[in-house]
Amino acid sequence: MWIVLADSELELVPKEIVRTPAILKSAQMRRKDASGVLLDSSNHFASMKGLKEWQRRGRPDIVHFCLLLALDSQLNREGGLKVVVHTRNDEVIEFASETRLPRIYGRFTGLMEDLFKKGKIVSPEGRTLMRLKRKTLSKLLEETGVEPIVFDESGEKLGITELAKLLTSNDACVVIGGFPSGGFKSKCLEGCKKVSVAHEPLCAWSVLAKAVVAREAALEGA
Ligand SMILES: C[S@@+](CC[C@H](N)C(=O)[O-])C[C@H]1O[C@@H](n2cnc3c(N)ncnc32)[C@H](O)[C@@H]1O
Numbered sequence: 065m066w067i068v069l070a071d072s073e074l075e076l077v078p079k080e081i082v083r084t085p086a087i088l089k090s091a092q093m094r095r096k097d098a099s100g101v102l103l104d105s106s107n108h109f110a111s112m113k114g115l116k117e118w119q120r121r122g123r124p125d126i127v128h129f130c131l132l133l134a135l136d137s138q139l140n141r142e143g144g145l146k147v148v149v150h151t152r153n154d155e156v157i158e159f160a161s162e163t164r165l166p167r168i169y170g171r172f173t174g175l176m177e178d179l180f181k182k183g184k185i186v187s188p189e190g191r192t193l194m195r196l197k198r199k200t201l202s203k204l205l206e207e208t209g210v211e212p213i214v215f216d217e218s219g220e221k222l223g224i225t226e227l228a229k230l231l232t233s234n235d236a237c238v239v240i241g242g243f244p245s246g247g248f249k250s251k252c253l254e255g256c257k258k259v260s261v262a263h264e265p266l267c268a269w270s271v272l273a274k275a276v277v278a279r280e281a282a283l284e285g286a
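Using our numbering, you'd call the opening residue of the sequence shown number 65 and step up by one each time.
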C-alpha cells in the first residue's frame, strides 16, 4: 500500500524571513547557515507572521511522527508499504522500506536538512534510503497508476472493517494531509474518493495508524 503524506509542512526557512532575528538566533545556536535550517514554528514563530499561510507552516514534527509510525510498522517491515512525503513546495521524498529514522526530533530535523542539501541520504552500506525530487502531487499520484483514496474528515464515514475492504490491493494509495489545520492545498485531489475514519478531525498520525491497521486486517482476511 502507498501512503502519501500530502502538502506536508516541511520546508527550509523561506528566503523572505531568513535574515530575521528568531531565525538567525536558532541557526546560530545550532551553528548552521540560516538558509539551510528547517522552518519550525516552535522556534521561529516570531519570524513567521509575515509569511503567507503562516499559521499552518513549519511543522516537521507532523512528518516525523507519521514517518516513525509508518516505517516502524510491521506492515512496512514485511515490505507492504511505500511511504512518500509530498511537501508544500512540490518536492517528493521517497523512503526505502529499511529506513529507520532517528527517534529524537533534533536528529530528525538535522537529517532532513541534510536531505534538502544533498538530495539523498545513503546508508553506510551504499544503499539510498531517502531521495528528494521536485514533483507535484498530481504527477506522483499519476505514477502510482491507481485512484487515490483521500483521507479527509468530509468524506464517507468508514469503520476499520469497511476500510480494510477498501484496502485489499497491495497497490492501494492512501493520501493523508501532512499539515496541522485547514484543507489540502493541491487541487488535484478535488474529484477523488474521500473517506473519513472518525466523527471529528484527528491528527495525521492517528489517521495513518488506522490505515496501517486496516491494511494489516485486509491481509489477514478479516
Ligand atoms: C490535522 S488534519 C488536517 C486539519 C483538519 N482539516 C482540521 O482543520 O483540523 C491532517 C490530516 O489528517 C486526515 N484526517 C484528519 N481527520 C480525519 C478524519 N476524521 N477522517 C479521515 N482523515 C482525517 C486528513 O488527511 C487531514 O488532512
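We put the CB at the ideal spot given by N, CA and C, even for glycine. Everything numeric in this text was worked out from a predicted model, so none of it was measured.
Tell me the residue span of the alpha helix (DSSP H) that contains A134. 124-135
Does the beta carbon of G143 fall short of 7 Å from some heavy atom of ligand 1? no
Between A273 and G247, what straight-line distance do the alpha-carbon atoms span, to the nearest angstrom? 20 Å
Below 8 Å, can you find three or more Cβ-Cβ pairs linking the segment 200-220 to the segment 241-256? yes
Alpha carbon to alpha carbon, how far is E75 from R120? Give it in angstroms, no decimals. 12 Å
Can you tell me which of L201, N107, P85, L179 puts its alpha carbon nearest to the alpha carbon of R195? L179
Could you compute how far the alpha carbon of L103 sits from the alpha carbon of R83? 13 Å
With hydrogens ignored, establish whether the beta-carbon of C130 is closer than 7 Å to any heavy atom of ligand 1. no
Exposed unless 16 or more other CB atoms sit within 10 angstroms - verdict on G242: buried
Chain-ordered list of residues that sit, by beta carbon, closer than 5 Å to a heavy atom of ligand 1: F215, E217, I240, G241, S245, S260, V261, A262, P265, L266, A268, V271
Going by alpha carbons, who is nearest to V277 out of S111, E226, K199? E226
Considering only the beta carbon of each residue, do C256 and E211 sit closer than 8 Å? yes
Who pairs with L165 in a beta bridge, going by DSSP? L165 is not bridged to any residue.
Cutting at 6 Å between CB atoms, please list the residues of its own chain near A282, excluding the five before and the five after it. A228, L231, T232
Return the chain-ordered ranges of every beta strand (DSSP E) run that is complete within the segment 199-262 and spans a minimum of 3 residues. 212-221, 237-241, 257-260
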